[in-house]
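Below: the structure, in structure tokens.
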Amino acid sequence: MLTIAYIILFVLGCLLARGKSRNDIGNVLLIVILALLFDNGILALGKYIGEGHLLRTLNLARYYLHALITPLLVLFAWHTLVKANLKWAKKGIVPWLAALLTLCLIIIEFVTVVRGISLEPAMNYGVLSYKNARTGDGPPIMIIGVSIVLAVTSIIIWIRQKWPWYFIGTLIMGLAPMFHFFKTDALHNIAEFVLMLALLATKAYQDKRDSSIF
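For the sequence shown, the residue numbers in the UniProt record's numbering are 1 to 214.
This is the structure:
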């Protein structure tokens, strides 16, 4: 179901981007949605593909995409501040800091998670996948970094543009790990989808505000 939902969300995102500048940084959200579509699709097909080299390779690609694509949400978050006409976000060192933070989070994820990854087959709640057997004791630095950026910028957008849905989507994603007593991984995936939906709605809202100004 989530795979189909992501297909619909990606199509909607493409329709919203139609006619806009291809240089719009906000379009990185489409790349993130596409990566999550791949991620959920592989999870859905895992038990049909079966254990073996193919499924292991596809799951390895999931980890690489997660490390490379997820930090792009930092650029999206920065761009929402630009779209809200915050002058300090457009000028000076801020754009460079956003790009540098994105790059640093990518490197951190590759160094702490992807490098030396050891995948083993795992069946959880009817879903067959390959999971990293080499899990560190430290916190997920990349995810924490992205989450903080989204949380801070969503509050700013709520105050600046009276748009709470960006914050609500971020909050739902942040609260999802607390409900671990639900014996399923689906809750996390659903929260991810809600976040993507909220981010896409935010992009649509800000684009509409720009259009109404002109």
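Using N, Cα and C, we set each Cβ at its ideal position, and we do this for glycine too.
Taking the CB atoms as reference points, tell me whether L198 and G169 lie closer together than 8 Å. In the sequence as displayed, the identity of residue 198 is Ala instead of Leu. Result yes, Cβ atoms of A198 and G169 sit closer than 8 Å.
Check each candidate in I156, L34 and N27 and name the one with the smallest Cα separation from I4. L34
Answer yes if the segment 53–60 comes into contact with the segment 99–108, meaning at least three C-beta pairs across the two stretches below 8 Å, and no otherwise. no
Compute the distance between the beta-carbons of P71 and T102, then report whether it is under 8 Å. yes
Rounded to whole angstroms, what's the CA-CA distance from Y63 to V114? Just pull it up for me. 7 Å
What is the DSSP secondary structure of N59, reduced to helix, strand or coil? helix
Distance between beta carbons of N40 and N189, contact taken as under 8 Å: 6 Å
Contact set for I141: own chain, Cβ-Cβ below 8 Å, skip 5 residues either direction: L105, I108, E109 and T112
Euclidean distance between Cα positions of Y6 and V149: 23 Å
Output the residue ranges of the beta strand (DSSP E) runs that lie fully inside the segment 44–127 and measure 3 residues or longer, sorted by chain position. 119–124
By the three-class DSSP mapping on this structure, what secondary structure does K203 have? helix
Helix, strand or coil, according to DSSP, for N132 in the structure here? strand
Measuring straight from C-alpha to C-alpha, what distance separates R18 and I25? 14 Å
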